[in-house]
Structure formats: structure tokens, C-alpha cells
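Okay, so here's the structure we're looking at.
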Amino acid sequence: MIVQKYKEMLDAKSVIRTLAETAAVRAKEIGSRNVFDYSLGNPSVPAPACFQEALLSLVKNEDPVSLHGYSPTLGIPSVKKAIADSLNRRFDMNYEPEHIFPVSAAAAAIAHALRAVTKEGDEVLTFAPFFPEYHPYVDLTGAVLKVVPPDTEKFQIRFDAFEEMLHEKTAAVLINTPNNPSGAVYSEETLQRLAEILNRKQKEYGHDIFLISDEPYREIVFDGKTQPYVSRFYVNTISCYSFSKALSLPGERIGYLAVNPACPDAALIVNMCGQISRGIGHNCPTSLMQLAVARVLDQTADFSIYEKNRDLLYQCLTDIGFEVKKPAGTFYIFPKALEEDAVAFCQKALAYDLVLVPADTFGCPGYFRMAYCMDTEKVERSLPVLRRFAREVYGK
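Count along the sequence shown from 1, then add 1; that gives the number in this note's numbering.
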């Protein structure tokens with residue numbers, strides 16, 4: 002007999018993926034040049050040349066049997082050390098290799114982290130707006146995802162609502178900064194206050210509350226600023242990282258989990274992750290990709306294109322009259338729709354071949370997301386279309 006819960010999930014497919022499929026069908030009809038697809042957050046800038054060079058050097062010079070063989074369950078030791086050294090150098094941390102667990106990108110890191118620190122019936126809190134896939138990530142572990150309402154003024158944390166929702170069943174808090182979909186970057190003040198509350202509640206409840214930090218956009222921050230490193234603020238932090246965005250390698254599925262070395266159970270959690278892998282099938286990320294990214298850990302793709310696209314869209318949207326906060330990072334912008342029903346708004350936009358994502362499943366009804374990871378030339382051509390849509394449909 003098939004499993005009912007997965008059958009039911011067929012009726013709740015990813016809105017983002019569904020719209021991307023719609024855009025692909027439309028592109029076949031009128032040409033991709035004429036479809037302004039802001040649906041999928043798929044990096045549009047190439048991986049840095051140093052990564053290509055590292056990859057080619059490995060293939061050319063290393064023993065192919067070793068290069069393409071199984072990775073050790075807990076990751077290649079030299080890679081774990083390189084990641085730890087990079088984090089220590091950049092963020093003034095004290096990681097050792099035993100605190101690092103290579104995985105197949107951030108989704109796998111979150112999957113391991115959740116299973117390491119929650120059990121069935123536990124609650125995991127996250128903050129709207131949030132990546133919709135957090136629901137299956139959490140719900141399929143047996144834990145329950147609870148969503149703190151959004152702060153739509155600054156897109157930081159609504160601490161009053163957060164404290165009301167915290168209670169003894171809270172096992173973990175899942176955050177994402179820089180944030181998909183808002184583009185907001187949590188400030189040091191926000192992270193300090195979050196840590197203070199969690200430390201206080203741990204003592205009150207008599208058990209650990211883990212902070213699971215989803216960090217695939219950690220390096221994509223604009224205006225010369227940086228994202229404060231979350232683990233520096235709270236001992237029981239598990240960082241979940243992917244090279245998909247920083248190095249523009251989404252198809253290679255490579256990242257890591259890093260447990261704050263000050264966490265009393267840090268090394269134990271990483272060893273537990275090796276056992277968790279046995280049950281969820283994320284064993285041994287590709288050896289070749291582990292070795293390749295280890296050579297370019299302090300490098301990134303060129304994000305200047307994303308910053309330029311952000312500026313173009315923000316200027317256009319504000320000129321039209323959209324309510325929108327300027328993103329501090331990522332490659333998303335998150336305006337308020339021109340009517341209360343964002344689903345209806347985005348449906349009307351499709352008639353203009355503007356593919357926009359309504360934010361109902363992000364926990365923020367009335368807003369929509371635009372992923373501007375595309376050629377600047379296409380962003381520029383989309384602006385008159387966006388203006389025409391707003392004028393003809395909404396009188397803007």
C-alpha cells in the first residue's frame with residue numbers, strides 16, 4: 002500500500018516549482034526572451050574561474066580511483082579541516098574538523114540537524130516570511146513547525162510574538178538570514194536579543210533549545226556590508242550551509258553542517274549525523290565536489306550583477322508605488338501586492354508574461370517574491386512590462 006502522506010503532498014506541490022514549469026511551457030510558445038520568469042532562485046552568474054581550475058586540476062592530477070571513490074561517512078578529513086580553518090579565519094571561531102559534517106547542500110544539512118535535536122511531537126519555531134519547504138523538512142521528521150508572524154516593516158523578528166509562542170515543547174528555532182524571500186539580513190542587535198531569549202528559556206525549561214541557522218545566502222550581502230555570523234551569538238547553534246549560491250553550484254549539491262564548537266554536544270552531534278544518514282539516504286556527498294570546494298572556500302561568484310538587478314527593480318517598484326523594503330542581500334525582492342489577494346495579483350501578472358510568486362506559502366499573504374537572478378538586460382526589458390501591468394490593471 003502506498004503511503005498516504007506523500008500522496009497528499011502531490012496536491013500541495015511547491016508553488017515556486019509549479020510557476021517555473023508554467024514559465025518553461027510559455028517560453029516554448031513565445032520564446033524564453035519574452036517570458037520574464039522571476040520564479041526560481043537559480044543562480045545566474047557563473048562559478049568563479051578558480052573553482053573550474055580546481056576541478057580540472059583534480060581530474061587531471063589525482064588518482065581517479067580515490068577521486069571518484071566513496072567519501073568517509075563523516076566526510077573527507079582534509080576537507081573538514083579546510084572548512085573549519087576557513088570559518089575560524091573569517092569569523093573568529095574555534096572549529097575543529099570533528100565539528101564539520103559535509104552534506105549534499107543546505108537542505109540535507111537541515112534534515113540532519115532536525116533529526117539530531119528533535120523528536121516526534123517537538124515543536125520547531127521559524128519566522129515568517131520563510132522558505133515554504135521548511136514544512137516538509139520539519140513535518141516529515143515527526144516534529145511540528147510553528148510560524149511566528151512577520152514583521153513586515155523591517156523583516157527582522159517580532160520578539161513579542163516569538164516569546165508568546167515559546168514553551169517547553171520548543172526543541173529548536175530555525176532561522177534563515179540573509180532571508181529568502183525578503184532579502185533581509187538579521188542585524189547583530191536581532192541576533193543578540195534572540196540569543197538572550199533562548200538562553201533564558203533554556204534555563205527556565207531545563208533543556209536545550211537549538212538554533213538551526215539556514216545560511217546558503219551568507220555571502221550575498223550588498224552595499225559593502227556583511228552578515229553577522231550566527232554561531233558567534235549562541236552556543237547551541239547548528240549552521241547549515243550550501244555552496245549553491247556563494248559559488249553558483251546548485252546542481253552539484255554540496256554543503257556542510259557545522260556545530261558551534263562551544264556546544265557541549267558538538268562532536269557527538271556530528272557523529273550522530275553519520276548515523277542519521279543511514280536512515281535518510283544522504284550518505285557520503287560526492288568526493289570530487291568536497292575536494293574541489295575545499296580549494297576555494299574563501300572565494301565567491303561575482304554578485305555585482307545581483308546588486309545591480311536589485312537596484313533596478315527597487316527603483317522601478319517604488320516609482321510605480323509598490324510598498325517594498327530594499328533587500329540587504331540574497332537575490333530576492335519582496336513587494337506588497339497591489340491588491341489584498343497576492344495569488345490573484347500574480348495570476349493577473351501571468352497575462353503579461355511576468356512570472357511572480359505569491360507569498361501565501363511563505364507565511365506572508367498579500368506579498369509576492371521576485372527572484373532577480375537573471376541577466377540584467379532581461380531585468381531592464383521587464384521593467385516597462387511591469388509598469389504597463391500596474392497601469393493597465395491597477396491604474397498605477
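By construction, the Cβ of each residue, glycine as well, lies at the ideal position given by its N, Cα and C atoms. Keep in mind the model is a prediction, meaning the values are calculated, not measured.
Coarse secondary structure for D161, derived from DSSP in three states: helix
Residue burial classification, G76 (beta-carbon count within 10 angstroms, cutoff 16): buried
Neighbour-count burial assignment, V148, 16 or more Cβ in a 10 Å radius: buried
L387 versus R159, Y368, F323 and D342, residue with shortest Cα-Cα distance: F323
Complete alpha helix (DSSP H) runs within the segment 54 to 134 (minimum length 4 residues, chain order): 65 to 68, 78 to 92 and 106 to 118
Given 8 angstroms, three or more beta-carbon pairs between the segment 293 to 304 and the segment 239 to 258: yes
S45 vs C374 beta-carbon contact at 8 angstroms: yes
Neighbour-count burial assignment, K6, 16 or more Cβ in a 10 Å radius: exposed
C-beta contact flag for I334 and K397 at 8 angstroms: no
Cα-Cα separation, A398 to L68: Residue 398 cannot be examined here, being either before or after the span of the chain that is shown, 2 to 397.
Per DSSP, cross-strand counterpart(s) of R389: Looking at the DSSP assignment, R389 forms no beta bridge with any residue, so it has no partner.
Per-residue DSSP class, three states only, for P251: helix
For V26, the first and last residue of its enclosing alpha helix (DSSP H): V16 to I31
Residue closest to N261, alpha-carbon to alpha-carbon, out of N95, G32 and T153: N95
Given V80 as reference, the closest of L41, V16, I101 and P130 once Cα atoms are compared: I101
With 16 other Cβ atoms within 10 Å as the buried cut-off, status of N35: exposed
Per DSSP, cross-strand counterpart(s) of I306: DSSP, once it has assigned bridges, lists no residue as partnering I306.
Residue from V26, V125, P150 and F132 with nearest C-alpha to G143: V125
For T238, the nearest candidate out of P49, I221 and Q193 (CA to CA): Q193
Nearest-angstrom beta carbon gap, A185 and F156 [assumed within contact, 8 angstroms]: 4 angstroms
Cβ pair V139, L115 closer than 8 angstroms: yes
T191, enclosing alpha helix (DSSP H) - first and last residue: E189 to Y206
For E63, the nearest candidate out of A293, D299, R389 and L199 (CA to CA): A293
Close Cβ partners of L59 (< 7 angstroms) along its chain, the five nearest in sequence each way excluded: L68, L289, L292 and A293
Exposure label - K337; buried when at least 16 CB within 10 Å: buried
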